[in-house]
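>
Protein chains: 2
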Amino acid sequence: MSEIHDVREAFVQLWGSMGPFWGISPTTARVYSWLMSRAEPADSEELMDGLCLSRGAVSMACRELREWHLIEAEKQAGSRRVSYRPATDLEKVIRNIVQIRKRREWDPILENLREWIPRLEAEDSPDAVIFRQRLQSLEALVALADSLVEGFLKGGLVGRLGLKLLVDASKSGRKTRPAPQPTEIPVMPDTPRSDAWSDRPTSQPEDRS
Amino acid sequence: MSEIHDVREAFVQLWGSMGPFWGISPTTARVYSWLMSRAEPADSEELMDGLCLSRGAVSMACRELREWHLIEAEKQAGSRRVSYRPATDLEKVIRNIVQIRKRREWDPILENLREWIPRLEAEDSPDAVIFRQRLQSLEALVALADSLVEGFLKGGLVGRLGLKLLVDASKSGRKTRPAPQPTEIPVMPDTPRSDAWSDRPTSQPEDRS
DNA sequence: CTGAAATTTCAAAAAGGCTTGAAATTTGCG
DNA sequence: CGCAAATTTCAAGCCTTTTTGAAATTTCAG
């Protein structure tokens, strides 16, 4: 009967502790997971009570979540109050996270590598030669990873094709149950009227930046 | 002439600041990148001088790097001194990191999800129903990602096949130069005698844990 | 336009993780 | 086997990141 309470608590705590690995703060991750555990959008009052957070903490967390496009703020009719609705289209969620982290973490690496390599070409000390060759290997690898990620971000979902191939390929050596094998990343169940967001065709002409 | 000095410094600093994103501490990342910039293995004395670190800091960093199999300790003949050689087989390096992080970060998520879902099946409040459905979507997604990663860890490198497909698929919209496009992850240049490590068939019967 | 409700900001405090270095341990030469 | 060189450990301190909450700002109903 109160299983949902316990599961919610465990879920919120797990997400909170995993958040840092994904580059988001514990509190921010907790807010998102708490919203995910509720059928309806919640306002900051509910978040404060449900998670024992200060008003400011909720505001900060929601701001970050909005920047990552992981939640959407909804104004309630006839009131100044705002409710927050979690994004439930997992493909979009993941794409948002991957895109932002790629910009912050991978792109600078690639740029730097491409600047450094020519600078080492003039020198012929053993260190310089070996170092340059290693940087080139690294450049090739990062460029490869980069193109894979670009493909995922652009072509939507690495294409049913490649993904299905890879899933099938690795299916032989699996553990217990056959495990569900969706061909595309699932869209989470959501309350009816929120479809307007997940699939909205009315949004900006594609968040490029 | 002293370009290598500047590039090394920039490389070490970049890696140091990126380390946390990858789940390793700044100092540890600096030690690894410094070793990468040298043709020959280095001992702790050299690391202390080169990076202005205390003896203990070097020891801690090298221990962590050894746990991740990112460096190997080599005893020097006729001395108590140990030299550290960076792993330069990028495929192995990445596999090590992915394997360890998967164990620490993904596996617990999957286990928990599979425990929580049944516990919510008894309840039929709107919250419980929606929450359970979302957890199921999540489980499907994580299971998919898990099988992809397993495939990479086992079948070596996602298979030339899938990888090549994906690279080709995303090659259309690229930027400046054609960019090198290796079909497999490159092995970094290394001093001759270290091949014994990168390819050694004499190691443990496969690091399982 | 006014005023109160709601949210956002940001400087300061708290928490958490990283680094240090002296002491303890290990190692292997003599 | 003893000793000294070398490494490892770990509690204490430092620094970065996260959180707080009171003040400033924004937003609308009236």
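The listed protein sequences correspond, in order, to chains V and P. The first sequence begins at 1 in the working numbering and counts up by one. The second sequence begins at 210 in the working numbering and counts up by one. We put the beta carbon where it would ideally sit given N, CA and C, even for glycine.
#1: If you pair each beta-carbon of the segment 64–71 of chain V with each one of the segment 317–333 of chain P, do three or more pairs fall below 8 Å?
#2: Quick one: measure Cβ to Cβ for residue 264(P) and residue 253(P), integer angstroms, because I've assumed they're closer than 8 Å.
#3: Going along the chain, which residues of its own chain have a beta-carbon closer than 8 Å to the beta-carbon of residue 106(V), five neighbours each way excluded?
#4: Evaluate contact between the segment 334–352 of chain P and the segment 88–95 of chain V, counting only Cβ atoms and requiring at least three cross-stretch pairs below 8 Å.
#5: Below 6 Å CB to CB, which residues in the same chain sit around residue 396(P) once its five sequence neighbours on both sides are set aside?
#6: Express the C-alpha separation of residue 16(V) and residue 97(V) in angstroms, rounding to a whole number.
#7: Classify residue 310(P) as helix, strand or coil using the three-state DSSP reduction.
#8: Quick check on residue 55(V): does DSSP put it in helix, strand or coil?
#9: Can you say whether residue 291(P) is buried or exposed, counting buried as having 16 or more other CB atoms within 10 angstroms of its CB?
#10: What does residue 23(V) reach in chain P if we use C-beta pairs closer than 8 Å?
#11: Starting from the C-beta of residue 103(V), find all residues in its chain whose C-beta is less than 6 Å away, skip the five residues before and the five after it, and write them out in chain order.
#12: Run the CB neighbour count on residue 229(P), radius 10 Å, all protein chains shown included, and call it buried at 16 or more, exposed below.
#13: Give me, in chain order, the residues of the same chain whose beta-carbon lies closer than 6 Å to that of residue 405(P); leave out the 5 immediate sequence neighbours on both sides.
#14: Residue 295(P) bridges to which residues according to DSSP?
#15: If residue 223(P) sits next to residue 109(V), beta carbons under 8 Å apart, how far is it from one beta carbon to the other, in whole angstroms?
#16: Return the CA-CA distance between residue 26(V) and residue 33(V), expressed in angstroms with no decimal places.
#17: Of the residues that make up the segment 110–129 of chain V, which ones have a beta carbon closer than 8 Å to any beta carbon in chain P?
#18: Can you tell me whether residue 334(P) is buried or exposed? The criterion is at least 16 other CB atoms within 10 Å of its CB, across all chains shown.
#19: Near residue 259(P), which residues of its chain fall below 6 Å by C-beta distance, leaving aside the five closest residues on each side in sequence?
#20: Compare the beta carbon distance of residue 120(V) and residue 221(P) with 7 Å and say whether it is the shorter of the two.
#21: Please tell me whether residue 250(P) has its Cβ less than 7 Å away from any Cβ of chain V.
#22: Give the interface partners of residue 4(V) over in chain P, defined as CB-CB distance under 9 Å, in chain order.
By the coordinates alone:
#1: no
#2: 7 Å
#3: Excluding five sequence positions before and after residue 106(V), the CB atoms of its chain that fall closer than 8 Å to its own CB belong to 142, 145, 146, 149, given in chain order.
#4: yes
#5: 298
#6: 16 Å
#7: helix
#8: helix
#9: Residue 291(P) should be labelled exposed.
#10: 230
#11: none
#12: exposed
#13: Legend: pLDDT at residue 405(P) = 43, less than 50; position of this residue unreliable, value from coordinates given subsequently. Excluding residues within five positions, none has a Cβ falling inside 6 Å.
#14: Residue 295(P) is bridged by DSSP to 280(P).
#15: 7 Å
#16: 11 Å
#17: 112, 116, 119, 120, 122, 123, 125, 126, 127, 128, 129
#18: With fewer than 16 other Cβ atoms within 10 Å, it is exposed.
#19: 243
#20: no
#21: no
#22: 328, 329, 332, 334, 336, 337, 340, 341
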